[in-house]
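For reference, the structure is listed below as structure tokens.
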Amino acid sequence: MFHLFASAVHSEDVGSTRLYFVNASLQRVTYSSSVGVSLPCPAGGTPSAILRWYLATGDDIYDVPHIRHVHANGTLQLYPFSPSAYNSYIHDNDYFCTAENQAGKIRSPNIRIKAVFREPYTVRVADQRSMRGNVAVFKCLIPAAVQEYVSVVSWERDTVSIVPGRKSNSLLWNVLRWTV
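Okay, so the sequence shown: first residue is 4 according to this note's numbering, each after it adds one.
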């Protein structure tokens, strides 16, 4: 998910011409392979600037039919794709955009673009043993493939929140209070 905010972060004035960043803080875009993403170039200019996308290595971006396209307005579009069409060179790479007009040329910071696959997963609580009167630590087991995107926001027992709003994968619980 990303948000664009207009602000003159950097400009070069030559008479009435200028170049500017719309969002110089955009550093990472993670998107679902089943949805795709459209990413406007985070720069612009007056008069209108020519906007181009590149890989962080400086290589030009080329269109790949039904996979990647750079629109005339400078928007980089990565289309939805199946797992068999995944290519890390396209779907997990650093990109940057340039804006160029009579005022000169500016380059955005690198933007990490990463596709993720929606796949079913199950979060479970690790089995724990403890004697009555002792403290038990319950651990939430999240599959490694989704750990980066999933966080524990609360613990529940029979749909009743035990620790509302607590962001932790573990729960300390006095076994006397935990009756099964």
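Yeah, the Cβ is synthetic: ideal placement off N, Cα and C, and Gly gets one too.
Fair warning: this is a prediction, and the values are worked out from it, not measured in the lab.
Can you give the Cα-Cα distance for L7 and L144, rounded to whole angstroms? Residue placement at L7 cannot be trusted, given a pLDDT of 39 that sits under 50; the coordinates are not used to answer.
Bridge partners for T101 per DSSP, in chain order? BP columns for T101 point to R55, R110.
What residue range is occupied by the uninterrupted beta strand (DSSP E) comprising D34? Here the sequence assigns Tyr to residue 34, which means Asp is not the residue at that position. Where Y34 is concerned, the enclosing beta strand (DSSP E) stretches over 31–35.
Report the three-state DSSP secondary structure of Q131 (helix, strand or coil). If DSSP states are grouped into helix, strand and coil, Q131 belongs with coil.
Three-way DSSP call (helix, strand, coil) for A46 in this model: In the structure shown, A46 sits in a strand (DSSP, three-state: E or B).
So A59 packs on A102, CB below 8 Å; how close in whole Å? Contact between A59 and A102 is absent: CB atoms are separated by about 17 Å, not below the 8 Å threshold.
Closest by C-alpha distance to R160, when choosing among M134, V128, Q150, V153: When M134, V128, Q150, V153 are compared, the shortest CA-CA separation from R160 is found for V128.
Please classify R132 as buried or exposed, where buried requires at least 16 other C-beta atoms within 10 Å of its C-beta. Here R132 is exposed. Its C-beta has fewer than 16 other C-beta atoms within 10 Å.
Alpha carbon to alpha carbon, how far is C44 from N26? Give it in angstroms, no decimals. So the alpha carbons of these two residues sit roughly 9 Å apart.
Bridge partners - I116, DSSP secondary structure assignment: For I116, which the question treats as bridged, DSSP gives the partners V32, N96.
Taking the continuous beta strand (DSSP E) assigned at V3, which residues delimit it? No information on residue 3 is available, as it lies outside the stretch 4 to 183 that the chain covers here.
Whose C-alpha, out of P50, T125, G136, is nearest the C-alpha of V155? Out of P50, T125, G136, T125 has the C-alpha closest to the C-alpha of V155.
Rounded C-alpha distance that separates L135 from S157: According to the sequence as given, residue 135 is Arg; it is not Leu. As the crow flies, the alpha-carbon of R135 is around 24 Å from that of S157.
Coarse secondary structure for E159, derived from DSSP in three states: Strand.
Who are V67's beta bridge partners in DSSP? Secondary-structure assignment with DSSP links V67 through a beta bridge to R71.
G61 vs L22 beta-carbon contact at 8 Å: It is not a contact, given that the beta carbons lie outside the stated cut-off.
Please return the same chain residues whose Cβ sits closer than 8 Å to the Cβ of V119, not counting the five positions on each side in sequence. Take V119, set aside five residues on each side of it, and the residues of its chain with a beta-carbon closer than 8 Å to its own are T33, Y34, S35, S36, Y152, in chain order.
Let me know if H69 comes out buried or exposed under the rule of 16 or more other beta-carbons within 10 Å of its beta-carbon. The residue is exposed, with fewer than 16 neighbouring Cβ atoms inside 10 Å.
If you follow the beta strand (DSSP E) that A139 is in, where does it begin and where does it stop? Element bounds for A139: 138–144.
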